[in-house]
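S.K.:
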Amino acid sequence: DAKTTQPNSMESNEEEPVHLPCNHSTISGTDYIHWYRQLPSQGPEYVIHGLTSNVNNRMASLAIAEDRKSSTLILHRATLRDAAVYYCILGEGNFGNEKLTFGTGTRLTIIP
Amino acid sequence: GAVVSQHPSWVICKSGTSVKIECRSLDFQATTMFWYRQFPKQSLMLMATSNEGSKATYEQGVEKDKFLINHASLTLSTLTVTSAHPEDSSFYICSAKRQGGSWSNQPQHFGDGTRLSIL
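Chains A and B, in that order, give the protein sequences.
With the numbering used here applied, the first sequence covers 208 to 319.
With the numbering used here applied, the second sequence covers 4 to 122.
1) Quick check on DSSP: helix, strand or coil for P11(B)?
2) When you compare the CB of F37(B) with every CB in chain A, is at least one pair closer than 8 Å?
3) To the nearest angstrom, how far is it from the Cα of L122(B) to the Cα of A270(A)?
4) Per DSSP, which one or two residues make a beta bridge with F94(B)?
5) Under the three-state reduction of DSSP, which class applies to P224(A): helix, strand or coil?
6) Let me confirm a value: L29(B) is counted as buried when at least 16 other C-beta atoms fall within 10 Å, else exposed. Which label applies?
7) Under a CB-based cut-off of 8 Å, is T81(B) close to chain A?
8) Taking C-beta to C-beta, are S57(B) and I72(B) nearer than 8 Å?
9) Buried or exposed: where does G250(A) fall if 16 or more other Cβ atoms within 10 Å of its Cβ makes it buried?
10) Taking the C-alpha atoms as reference points, what is the distance between H256(A) and L297(A)?
11) Which runs of the beta strand (DSSP E) at least 3 residues long sit entirely within the segment 47 to 90 of chain B? Give them in chain order.
Following this line, the structure appears as structure tokens:
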């Protein structure tokens, strides 16, 4: 299984940007990089995903290294609602039918 | 946005009971749904991939006769935990991917999970 490495936990002050790193040195050329987050007692929520180019959406930005061996999820202005476990996942498998293998993720704490 | 509904959200039952969990995609069709299990303070573990109109594909170590999956329509997949025992107590989560389009445009949408407690 394609594997990712994330810090176990991070803290950030409210209203400041947050940069969540992820290493995926064994990524293959067709693996997409996905980010999901999970609040307590809820299912994961899709955040963002990309292949090679940096991506932006209303929730976050995804910066992908040129060699694709690492990526960074950027929350531009953290709020208390952003406190969650963030998972960086490589989508693997047949095109259009990828399964997601969740690692341990990064527990993000937002300090008021 | 895309919504996936799970029912029930929690269930408590006696050992030996069979429990059925439903996963519905409310505003899109899903040829593929996934079932996960999550124990306290652990990450999600994929149990099986549910394909509409065909047999599910189970991950290694998951007993297919214990965890029965049926994906009878493009909007509904069910997971039945047969003869449940206390060690089956867990948080079960489903996800669905919108039919059609390329993967690059179709993330997985997760339900809010079902907390199963077997006494």
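Just so it is clear, CB atoms sit at the ideal spot from N, CA and C, and this is done for glycine as well.
M.R.: Walking through what the data contain:
1) Sequence index remark: in the second sequence, residue 11(B) carries index 8 (1-based). In the structure shown, the three-state DSSP call for P11(B) is coil.
2) For the purposes of this step, residue 37(B) is taken as residue 34 along the second sequence, with counting starting at 1. F37(B) counts as touching chain A.
3) Along the second sequence, read from residue 1 onward, the residue named residue 122(B) stands at position 119. Along the first sequence, read from residue 1 onward, the residue named residue 270(A) stands at position 63. Their backbone Cα atoms lie some 47 Å apart in a straight line.
4) Residue 94(B) sits at position 91 when you count from the first residue of the second sequence. Answer is Q41(B), R118(B).
5) For the purposes of this step, residue 224(A) is taken as residue 17 along the first sequence, with counting starting at 1. DSSP places P224(A) outside both helix and strand once states are collapsed to three, so it counts as coil.
6) What you label residue 29(B) is simply residue 26 of the second sequence in a count that begins at 1. L29(B) comes out exposed.
7) Counting from one through the second sequence, the residue named residue 81(B) turns up at place 78. No, T81(B) lies away from the interface with chain A (no Cβ there is under 8 Å from its Cβ).
8) Residue mapping note: residue 57(B) aligns to position 54 of the second sequence, counting from 1. Residue mapping note: residue 72(B) aligns to position 69 of the second sequence, counting from 1. Contact: no.
9) Here residue 250(A) is taken as the residue at index 43 of the first sequence, counted from 1. Residue environment analysis places G250(A) among the buried positions, since at least 16 neighbouring C-beta atoms fall within 10 angstroms of its C-beta.
10) Locating residue 256(A) in the first sequence gives position 49, where the first residue counts as 1. Locating residue 297(A) in the first sequence gives position 90, where the first residue counts as 1. Distance between the alpha carbons of H256(A) and L297(A): 9 Å.
11) 48 to 54, 70 to 76, 79 to 84
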